[in-house]
Amino acid sequence: MWQQTDATEFKKIMKRINKINLSSTAESILVNTLFSNSFAPKNISEEEFVNIKVNWLINNNKEKLIENFLEKNQNFFNKKKLIQYLVDSNISSANLQDGCEKINFISKEIKDSYLEKFKIYCLIFTDKKGEANLLYDILKEQGKSDKFFDDKISYLLGISDKNDGKIKEDTLLNFYISSVTVKDFKYEPNKNTKEIIWKYLNSANLIKIDNVEDKQKIKELEIAANENRLKKEKIFEIYQSFSFDLQTLLNAERIYVNYENTESRALIYQKYLLSDNIENQIEYLLLLKDLFKKDNLSNLYRDFLSNKLKEYDQRDIPKNLAKVVKKNIITKKKMNQGKIKYDDKILHRSRVLKFYLDKNHTPEKTQKDFNNVYKKIKRNKNYFFSAKDLALVESLSIDGISIPKEIKTDQISKKYSIPQNLLGLIDNKNTGFLVLKIVEIIGEDEVNNLDSETIYFITSLLNRSGLKKFRNKIITSALPLRA
Numbered sequence: 000m001w002q003q004t005d006a007t008e009f010k011k012i013m014k015r016i017n018k019i020n021l022s023s024t025a026e027s028i029l030v031n032t033l034f035s036n037s038f039a040p041k042n043i044s045e046e047e048f049v050n051i052k053v054n055w056l057i058n059n060n061k062e063k064l065i066e067n068f069l070e071k072n073q074n075f076f077n078k079k080k081l082i083q084y085l086v087d088s089n090i091s092s093a094n095l096q097d098g099c100e101k102i103n104f105i106s107k108e109i110k111d112s113y114l115e116k117f118k119i120y121c122l123i124f125t126d127k128k129g130e131a132n133l134l135y136d137i138l139k140e141q142g143k144s145d146k147f148f149d150d151k152i153s154y155l156l157g158i159s160d161k162n163d164g165k166i167k168e169d170t171l172l173n174f175y176i177s178s179v180t181v182k183d184f185k186y187e188p189n190k191n192t193k194e195i196i197w198k199y200l201n202s203a204n205l206i207k208i209d210n211v212e213d214k215q216k217i218k219e220l221e222i223a224a225n226e227n228r229l230k231k232e233k234i235f236e237i238y239q240s241f242s243f244d245l246q247t248l249l250n251a252e253r254i255y256v257n258y259e260n261t262e263s264r265a266l267i268y269q270k271y272l273l274s275d276n277i278e279n280q281i282e283y284l285l286l287l288k289d290l291f292k293k294d295n296l297s298n299l300y301r302d303f304l305s306n307k308l309k310e311y312d313q314r315d316i317p318k319n320l321a322k323v324v325k326k327n328i329i330t331k332k333k334m335n336q337g338k339i340k341y342d343d344k345i346l347h348r349s350r351v352l353k354f355y356l357d358k359n360h361t362p363e364k365t366q367k368d369f370n371n372v373y374k375k376i377k378r379n380k381n382y383f384f385s386a387k388d389l390a391l392v393e394s395l396s397i398d399g400i401s402i403p404k405e406i407k408t409d410q411i412s413k414k415y416s417i418p419q420n421l422l423g424l425i426d427n428k429n430t431g432f433l434v435l436k437i438v439e440i441i442g443e444d445e446v447n448n449l450d451s452e453t454i455y456f457i458t459s460l461l462n463r464s465g466l467k468k469f470r471n472k473i474i475t476s477a478l479p480l481r482a
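Just so you know, the sequence shown maps onto residues 0 to 482 in numbering that gives the first Met the number 0.
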């Protein structure tokens, strides 16, 4: 698949793809291409090729894919990096039990002190201190332990009752062990705190504000939430903890300007919570938007605002606010996976599609369906043979379905251009790179949202390359009409 792919071009396109928030279809095709059993592109080592895959899995948080990859591949470059990611991912989610189960993937060939330390802690966690002690002794004999780990594990094993209360944050494992051994554990994250530690603090609910008068600390947390290091909900919990007297709350919309920015947001947020009038509630939500924007904290508030506005029945929203409400609701286009409605008046929406949608639909049955549908279409003198129709007919022909000679696909296809650079990839048997180009073309769009000509030329390219599995995915995603 990759023999004709140049390493430089491969790296460039992967870099571009990594910047795209791929649709489910595009990502599925990428995964099936990138993780196929094939040799690396030209002029790139197998280790570097595997490392690109490993980094993609980690950067896209593909835990299930990582588990499958580990199960199918016993030994490969950077295996320990994937395992550590799984371990850290589960610790950071405050889900230690699942994290401990990941150690089953650790083979004896992998000698890594981080993973061995985690295994020792897991044995303590599951009350297998005897086994933990044995592995701990081996770790020390190999010179892979350190004073911090020695002190913490000795305390947890009951070997020592000394607990120095030291907190170490160089790795998530050390930080986690600190959090479970230090009495009344308290930690204040800052802008230099690692993202994975922020995630653990979020999940374990270890971020607390004891004093709402500490405005600087709250500002730092607002910035962290805006940068997606802290759960955004935490900020609104903090806002609720501010104490305002009744008179202040009654006059909030008039006097909030007299308060410091964080406090003014807290005041208006509480006023919103207390309001029982929909128009006023929306006005307060929109005012909050301006207050967050003023301090460059829009990302913190954007989803919150959208979700709150979605809660209102559209019929209850005042007409003067309807337009601005709609503008602030975030809508995400998702591929319609509703029930398929077959329409035999349009070829690419007809029952002929069952050939690709139903595994039990035989070629014989499909041939009969096609003949019947085509008879109906022929009667319509104004029928327009679309690019989607052409995509279906060419695919059916390749798959052995007999197509009437009067459907002159060669002539019809001349109306639709296919980029010459992509056709050149087929001529050069550069299949892997071609698929990556198709993934890039689809990008963030679900295939059913692409224009007809793009759907046709993608299908045509996949037909010419013999990539029927990917072609079928395009057909079943793009052509059917769904309820």
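All C-beta atoms in this analysis are idealised placements derived from N, C-alpha and C, irrespective of residue type, glycine included.
Helix, strand or coil at arginine 484 according to DSSP, with G and I counted as helix: The chain is shown only over 0 to 482; residue 484 falls outside these bounds and no answer can be derived.
Are there 16 or more other CB atoms within 10 angstroms of the CB of isoleucine 119, so buried, or fewer, so exposed? Isoleucine 119 should be labelled buried.
Contacts around lysine 167, its chain only, beta-carbon distance under 7 Å, and the 5 residues preceding and following it disregarded: Phe147, Asn173, Phe174, Ser177
If you draw a straight line from the alpha carbon of isoleucine 158 to that of tyrosine 283, how long is it in whole angstroms? 58 Å
Return the CA-CA distance between glutamine 3 and glutamate 46, expressed in angstroms with no decimal places. 18 Å
Span of the alpha helix (DSSP H), counted from its first residue to its last, around threonine 408: 408-412
Cβ contact check for the stretch 266-273 and the stretch 193-203: 3 or more pairs under 8 Å: Too few Cβ pairs lie closer than 8 Å, so no.
Under a Cβ-count criterion, where at least 16 other Cβ atoms within 10 Å of its own Cβ denotes burial, should tyrosine 137 be classed as buried or exposed? With the sequence shown as reference, residue 137 is identified as isoleucine, and tyrosine is not the correct amino acid for it. With fewer than 16 Cβ atoms within 10 Å of its Cβ, isoleucine 137 is classed as exposed.
Nearest to leucine 391 by alpha carbon, out of Thr365, Asp183, Thr261? The shortest Cα separation from leucine 391 among Thr365, Asp183, Thr261 belongs to Thr365.
Could you give the first and the last residue of the continuous alpha helix (DSSP H) run that contains phenylalanine 456? 451-464
Which runs of the alpha helix (DSSP H) fall wholly inside the stretch 131-219 and span at least 4 residues, in chain order? The qualifying runs are 146-156, 171-180, 194-202.
On the three-state DSSP scale, how would you describe arginine 5? In the sequence under discussion, the amino acid at residue 5 is aspartate, which differs from the arginine named in the question. Three-state DSSP puts aspartate 5 in a strand.
Would you mind working out which of Ser385, Glu363, Ile411, Thr430 sits nearest serine 401, comparing C-alpha positions? Checked all of Ser385, Glu363, Ile411, Thr430; the closest Cα to serine 401 is Glu363.
When the Cα atoms are used, what is the spatial distance from lysine 414 to lysine 472? Lysine 414 and lysine 472 have their C-alpha atoms some 24 Å from each other.
Between which residues of its own chain and isoleucine 329 is the CB-CB distance below 8 Å, once the five residues before and five after are set aside? Cβ-Cβ distances below 8 Å link isoleucine 329 to Arg301, Asp302, Ser305 in the same chain, with the five nearest sequence neighbours on each side left out; the list follows chain order.
Give the list of continuous alpha helix (DSSP H) stretches no shorter than 4 residues that lie fully inside the stretch 220-290. 231-239, 245-249, 251-254, 260-273
Quickly, what does DSSP pair isoleucine 339 with across the bridge? List them, please. Arg481
When the distance is taken between beta carbons, is valine 324 closer than 8 Å to isoleucine 281? yes
Could you tell me whether the stretch 257-264 touches the stretch 211-226, where touching means 3 or more Cβ pairs closer than 8 Å? yes
Classify lysine 41 as helix, strand or coil using the three-state DSSP reduction. strand
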